[in-house]
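Taking it in order: structure first as C-alpha cells, then the write-up.
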Amino acid sequence: VQLQASGGGLVQAGRSLRLRCVASVSTFGNRALGWYRQAPGRQRELVAIFRSDGSARYGDSVKGRFTISRDNGKNEVYLQMYSLKSEDTAVYYCYLDDGLHNYWGQGTLVTVSS
Numbered sequence: 202v203q204l205q206a207s208g209g210g211l212v213q214a215g216r217s218l219r220l221r222c223v224a225s226v227s228t229f230g231n232r233a234l235g236w237y238r239q240a241p242g243r244q245r246e247l248v249a250i251f252r253s254d255g256s257a258r259y260g261d262s263v264k265g266r267f268t269i270s271r272d273n274g275k276n277e278v279y280l281q282m283y284s285l286k287s288e289d290t291a292v293y294y295c296y297l298d299d300g301l302h303n304y305w306g307q308g309t310l311v312t313v314s315s
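When we follow this note's numbering, the leftmost residue of the sequence shown carries the number 202, and every step to the right adds one.
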C-alpha cells in the first residue's frame, strides 16, 4: 500500500491550504483513513480521520477550521485547512488502517508564517 501526500507548502497565517493523498488501494471500507501531523520536537497527533462507519473525527486543535473529505472513486482523501495558525506548522501524514495493518505516507510539510 502506498499513500502519496501532496499540497503542503509555505502559507501565511490566516490563509487556507488543501492537502491531497492518493492511495494505491481502495479508500472505501477501511477501518480508518485520514491525516496525522508531527511538529518539530512533538509527538505525532491526530488531525482528522474517517472511521469505519464513515464518520469523521477531528483533533481538538483543528475542530472548526479543518475539513476532511474523500473521493472513493479516485482513492483520494483531502484535508482542507482554513484559518491556519503558526502552530499548525508540521509534517502532515496520510494514514490508512485496513484492519490488518497501518500504513503511512511520506508526509508533506506545511509551514505557516505569522
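Where a beta carbon is used, it is the ideal one built from N, C-alpha and C, also for glycine.
Remember, it's a predicted structure, so these values are computed and weren't measured experimentally.
Alpha-carbon to alpha-carbon, residue j and residue i
i	j	result
Asn231	Asp299	5 Å
Gln239	Gly274	29 Å
Asp254	Glu288	30 Å
Leu220	Leu301	26 Å
Cys222	Gln213	22 Å
Val261	Val248	In the sequence on display, residue 261 carries Asp and not Val. About 8 Å.
Distance between beta carbons of residue j and residue i, contact taken as under 8 Å
i	j	result
Trp329	Leu280	Residue numbering for the chain in the displayed model covers 202 to 315; residue 329 lies beyond these limits and cannot be assessed.
Tyr293	Gly210	The Cβ separation is near 11 Å, so there is no contact.
Asn276	Val226	7 Å
Phe251	Ala233	7 Å
Thr290	Val313	5 Å
Where the beta strand (DSSP E) containing residue i begins and where it ends
i	result
Ala206	Leu204 to Ser207
Asn303	Asn303 to Trp305
Gly210	Gly210 to Gln213
Gln312	Here residue 312 turns out to be Thr, not Gln, going by the sequence shown. From DSSP, the beta strand (DSSP E) with Thr312 extends over Thr309 to Ser314.
Residue i beta carbon near the ligand MG (any heavy atom closer than 7 Å)
i	result
Gly255	In the structure shown, the ligand MG is absent, as is every other ligand, since no ligand is present at all.
Ignoring anything shorter than 4 residues or poking outside the region 220-254, list the alpha helix (DSSP H) runs there in chain order. Positions of the alpha helix (DSSP H) runs, each at least 4 residues long and wholly inside the region 220-254, cannot be given because no such run exists.
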